[in-house]
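Top line first, the protein sequences correspond to chains A and B.
Numbered by our numbering, the letters in the first sequence go through residues 154 to 275 in order.
Numbered by our numbering, the letters in the second sequence go through residues 154 to 275 in order.
Report on the structure given below.
Protein chains: 2
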Amino acid sequence: MFNIDLTSRVPIYEQLYKKTVELVMKGILKEQTQMPSVRSLAKELGVNPNTVAKAYQQLEHDGIIYSVAGRGSFISKINHQELKEYAFEDFDKAVIDALKASVTVDELCDRIKNIGEGFRND
Amino acid sequence: MFNIDLTSRVPIYEQLYKKTVELVMKGILKEQTQMPSVRSLAKELGVNPNTVAKAYQQLEHDGIIYSVAGRGSFISKINHQELKEYAFEDFDKAVIDALKASVTVDELCDRIKNIGEGFRND
DNA sequence: GAAAGTGTATTATCCGTAGTAGTACACCCA
DNA sequence: TGGGTGTACTACTACGGATAATACACTTTC
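Right, dumping it as structure tokens:
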């Protein structure tokens, strides 16, 4: 569920953050759902508890989860539109970079449609 | 021309690489155009010559420029379609991430069109 | 009340990468 | 010959990611 890539250049805590957002967007993690504990998830992934804690703290900072000492971490009441905006951040940068490199809007749209056709979201 | 952002999280040599590709795509840097020397560009940007050299070496490795000891570095014969593919690499990743987060193809295209309207490439 | 599990905090350490600094070499050209 | 070129090398610093080992306060459960 929270599978990560230890060889990736993307930091583990950032992968965990994004993965959580994904699961929320897909409706797999619903409001009030309890997240795995810091220690158990760390053990499952084979990473340090501090790394998981860092991801959780950023998720809480952004209002995606809330944590209670002694009880655990839980999915917050989600504003899906807000999360979508978050998902757009990296996308916007990539679009601007492509436009800078003289790629046209139409080319990008075509590209997306091609990618979308072969994409299965599960 | 080769303005870079020293505060960015993106490594300087990578910024230089991308900037060069941009300038080639725009037709500003044409085949056989001489690049600034490693030392002069380093001085101009206020960075270490090694950092510029690293960017040049990657550009040469990817066939975008060619370097001749004692003479300088020059823009190669460019396959623009190939360069465009390079520009698409980061873009594709961003698209896939967005799709994973349950954003639709149509939403992405609309997003691009909005960005494209307010975009001036100079 | 005790124990186990929770998030949180702290400190120290290791490691890889980016970047700097300095130097040296072989090359080309005027 | 001298100055400019790319290239190579070593040493060093700085920073962030990640680990390791504790410790603490809290909640839940028995």
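All C-beta atoms in this analysis are idealised placements derived from N, C-alpha and C, irrespective of residue type, glycine included.
Predicted model only: the values in this text are computed from it and were never measured.
For R192(B), same chain residues with a beta-carbon under 7 Å away, outside a window of 5 residues either side, are P202 in chain order.
The beta carbon of T160(A) is closer than 6 Å to none in its chain, skipping five residues each way along the sequence.
Contact with chain B is absent for A208(A), since none of that chain's Cβ atoms lies less than 9 Å from the residue's Cβ. When DSSP states are grouped into helix, strand and coil, F241(B) belongs to the helix group. For chain A, the residues of the region 254 to 265 of chain B that bring a beta carbon within less than 7 Å of one of its beta carbons are A254, S255, V256, V258, L261, C262, R264 and I265, in chain order.
Residue pairing of I218(A) in beta bridges, as defined by DSSP: I228(A). In the structure shown, the three-state DSSP call for Q210(A) is helix. Secondary structure at Q185(A): coil, using DSSP grouped into helix, strand and coil. The CB of L252(B) comes closer than 8 Å to the CB of I268, G269, F272 and N274 in chain A, given here in chain order. At a Cβ-Cβ threshold of 9 Å, M178(A) and K237(A) count as neighbours. One thing to note: V256(B) has its Cβ within 9 Å of the Cβ of F244(A). A straight-line Cα-Cα distance of about 45 Å links G216(B) and K196(A). Spatial neighbours of D158(B) in its own chain (CB-CB distance under 8 Å, excluding positions within 5 residues in sequence) are listed in chain order as Q168.
Around the beta-carbon of T186(A), fewer than 16 other beta-carbon atoms lie within 10 Å, marking it exposed. The continuous alpha helix (DSSP H) containing R264(B) extends over residues V258 to E270.
Residue contact with chain A for K237(B): present (Cβ-Cβ distance below 9 Å to some residue of chain A).
By the C-beta density criterion, K253(B) is buried, having at least 16 other C-beta atoms within 10 angstroms. Remark: C-beta atoms of Q211(A) and Y170(A) approach each other more closely than 9 Å. Contact of A195(A) with chain B is not assigned, every C-beta pair being separated by 9 Å or more. DSSP, reduced to helix, strand and coil, places K196(A) within a helical segment of the structure shown. Here N203(A) carries a helix assignment [DSSP, helix/strand/coil].
At a cut-off of 9 Å between beta carbons, K183(A) makes no contact with chain B. Within chain A, no residue has its CB atom less than 7 Å from the CB of F155(B), the nearest being about 14 Å off.
Under a 10 Å Cβ-count criterion, V163(A) is classified as exposed, with fewer than 16 other Cβ atoms of the shown protein chains found around its own Cβ.
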